[in-house]
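Note that the sequence shown ends on residue 255 in the numbering used here; no numbers are left out.
All C-beta atoms in this analysis are idealised placements derived from N, C-alpha and C, irrespective of residue type, glycine included.
Scroll down for the structure; my scribbles are underneath it.
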Amino acid sequence: TGSTRPQRILRAVQKNSTRGSPCSVVNAIDDYCKHKEWAMNVGDEKGIIVDDVVLELKPITVLELGTYCAYSTVRIANLLPPEAKLITLEFNAESAAIAREIITWAGLEEKIQLIIGASGDWIPRLKEEFGIETFDLVFLDHWKDRYLPDTKLLEKCGLLKPGAVLLADNVICPGTPDYLDYVRNSPRYKSKFYRSHLEYTQEEDGLEHSVFLGLYDNPNL
Ligand SMILES: Cn1ncc2cc([C@H](O)c3cccc(CNC(=O)c4cc(-c5ccc(F)cc5)cc(O)c4O)c3)ccc21
Ligand SMILES: [Mg+2]
């Protein structure tokens, strides 16, 4: 019974980073995944684009779909204003346990609420159970065929207000064609593509940045 990849990533963090320093945690994961074994973190190249979006938007409420080992969770939470909160959904209990350890090691447990469960089950419950009005930023990085249904669910649940930003990873590799088609052709979004590369590789990938404009085309939604 060998270790899992998330366990090896946690060990690399504990060995090569400083407790309470989110930057050193992010660097330790990037070093490990560049030189030892690949893992599906948004990574350093796309991570810089994520940083810029967060610093520009200054979101107070953030939703992340797909925590994995909390690389992007820590990277984003580290840049949030003091009163801001980040909710991250992870359905896999094993990686959620590792993510929780990495979040604690980084010293960000006050800013981050990690929920173990599936996005489709939890999105309809966030208002009631966590007193969320709307999200300023949603980072989509979970199953690629869930980006579109979960975006429609967020709209239906009234969790997006005009100006809210959807930032989606992997829109080229592995790809999210139905989601891209929706946000690029719907009157509800102003969308733009940030070209980059798949984490730790030379493969083409990128992030789609979509600003929600409101449901004015269907106000009774
Ligand atoms: C419903 N729900 N609710 C919460 C929630 C959370 C999860 C998990 O966090 C989880 C588990 C497994 C896979 C993912 C999606 N991520 C990917 O599949 C991915 C792949 C690659 C890539 C690219 C090239 C390759 F050759 C291989 C993998 C690069 C990337 O950056 C990725 O994000 C997410 C799943 C469903 C969930
Ligand atoms: Mg990804």
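Where does Glu135 fall in DSSP's three states?
-> helix
Using 10 angstroms around the beta-carbon of Thr52, count the other beta-carbons present and answer buried if the total reaches 16, otherwise exposed.
-> exposed
Sufficient close CB pairs (3 or more, under 8 Å) joining the region 149–169 to the region 78–87 = no
Range of the contiguous alpha helix (DSSP H) that encloses Gly154 | Ser153 to Trp156
Which partner residues does Thr95 have in the DSSP bridge list?
-> Lys119
Quick one: Cα of Leu182 to Cα of Cys103, how far?
-> 23 Å
Under the three-state reduction of DSSP, which class applies to Gly141: helix, strand or coil?
-> Residue state, collapsed to three classes: coil.
Going by DSSP, what residues sit across from Asp239 in a beta bridge?
-> Ser230
Leu89: buried (16+ other C-beta within 10 angstroms of its C-beta) or exposed?
-> exposed
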